[in-house]
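J.:
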Amino acid sequence: MLKRRGSMRPLLLILHILAGTVGLLSGTFAIAVRKGSRLHRASGNIFTVAMITLASSALCLAIMKSQHGNIIGSIITFYMVSTAWLAGRGRGIGRLDLAALLVGTCGAAAIIMLGVWTIHHPDKNAPAAMCFFMAAVLLVAAAGDIRMLACGGISDRGRTTRHLWRMCFGLFIATGSFFLGQQQVFPAFLRGSIFLTILAVLPFPLMIYWLFRVRFGKAYRIQSQAHPTPIFP
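Each residue of the sequence shown is one higher than the one before, counting from 1232 in my numbering.
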């Protein structure tokens, strides 16, 4: 069993690196191009597949290495990206939405328990503050899921908001993990610099920009009225 784990780890690491590279490139492209366009849909689908692969491989590696922080990140990434993709499809509520809610609530509960545990047993890979912050994000997202299920659906405006902020948060986890968590791959003069920090948090200002543009821009408002279903298929 140990030998099998040892042979699987390099393959998972290669898959993780490849998925992360594709995810960063496709996510950057998706957030830069016009929302609802063919380029946006194509790059968004590639980003979704890459990030789910990234999260799945990261979860396996984190379990093998007992890295609690990466377990948290992989669960949130998988949940955020998958629910954002479902929102972008513009279809009715189905079993996948119920399954996503289960993942979100169970993930939040597990992360809260980990946060309580780290208060008494400090873990540099998963500090308590990070655990509670990530759990709060998951709970907010899960509350949105519950509201959507209770109302039997979601409006075009709410669906657009749901798609954008969850995709951008998933991209933030990828950029933060790379630009801040893997600084050893950068030249020495860049390590610890504000430049890498800006690149890590860049999805947030871009998210705010697109939320305002999509929700209040005339072109997107007309498009939503003409095609009231899949703005982000």
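From the three backbone atoms N, C-alpha and C, an ideal C-beta is built for every residue, glycine too. Fair warning: this is a prediction, and the values are worked out from it, not measured in the lab.
Any idea if K1266 is buried or exposed, counting beta-carbon neighbours within 10 angstroms, 16 or more meaning buried?
T.: Numbered from its first residue, the sequence shown carries residue 1266 at position 35. K1266 is buried by the Cβ-count criterion.
J.: Using a 10 Å radius around the Cβ and a threshold of 16 neighbouring Cβ atoms, would you call F1426 buried or exposed?
T.: What you label residue 1426 is simply residue 195 of the sequence shown in a count that begins at 1. With fewer than 16 other Cβ atoms within 10 Å, it is exposed.
J.: Have a look at L1411 and W1316 and give me their C-alpha separation to the nearest angstrom.
T.: For the purposes of this step, residue 1411 is taken as residue 180 along the sequence shown, with counting starting at 1. For the purposes of this step, residue 1316 is taken as residue 85 along the sequence shown, with counting starting at 1. Approximately 26 Å, taken between the alpha carbons.
J.: Where does K1296 sit, in a helix, a strand or coil, going by DSSP?
T.: Taking the first residue of the sequence shown as position 1, residue 1296 is located at position 65. In this structure, K1296 counts as helix in the three-state DSSP scheme.
J.: Expressed to the nearest angstrom, what Euclidean distance is found between the alpha-carbon atoms of I1307 and M1365?
T.: Position 76 of the sequence shown, counted from the first residue, corresponds to residue 1307. Position 134 of the sequence shown, counted from the first residue, corresponds to residue 1365. If you take the alpha carbons of I1307 and M1365, they lie about 8 Å apart.
J.: Using 8 Å as the threshold, is the C-beta distance between I1245 and C1399 below it?
T.: Working through the sequence shown from its first residue, we reach residue 1245 at position 14. Working through the sequence shown from its first residue, we reach residue 1399 at position 168. Going by C-beta atoms, I1245 is not nearer than 8 Å to C1399.
J.: If we call anything under 8 Å between Cβ atoms a contact, is A1331 one with S1313?
T.: Within the sequence shown, residue 1331 is the residue found at index 100, counting from 1. Within the sequence shown, residue 1313 is the residue found at index 82, counting from 1. It is a contact, given that the beta carbons lie within the stated cut-off.
J.: Please go through the same chain and pick out, in chain order, the residues whose beta-carbon is closer than 7 Å to the beta-carbon of W1348, but skip the five residues on each side of it.
T.: Here the question's residue 1348 lines up with position 117 in the sequence shown. Around W1348: no qualifying Cβ.
J.: Quick one: what does DSSP say I1306 is sitting in, helix, strand or coil?
T.: Looking up residue 1306 in the sequence shown gives position 75. Here I1306 sits in helix by DSSP.
J.: Of all the alpha helix (DSSP H) runs that stay within the bounds of the stretch 1399-1453, which reach a length of 4 or more residues?
T.: Runs found: 1425-1432 and 1434-1447.
J.: Give the DSSP-derived three-state secondary structure of H1271 in the structure shown.
T.: For this step, residue 1271 is matched to residue 40 along the sequence shown. It is helical.
J.: With a threshold of 16 other CB atoms inside 10 Å of the CB of I1429, please say whether the residue is buried or exposed.
T.: The residue given as residue 1429 occupies position 198 in the sequence shown. I1429 is exposed by the Cβ-count criterion.
J.: Whole-angstrom Cβ separation of R1397 and A1431, contact assumed at under 8 Å?
T.: Your numbering for residue 1397 matches position 166 in the sequence shown. Your numbering for residue 1431 matches position 200 in the sequence shown. Not confirmed; about 18 Å, so no contact.
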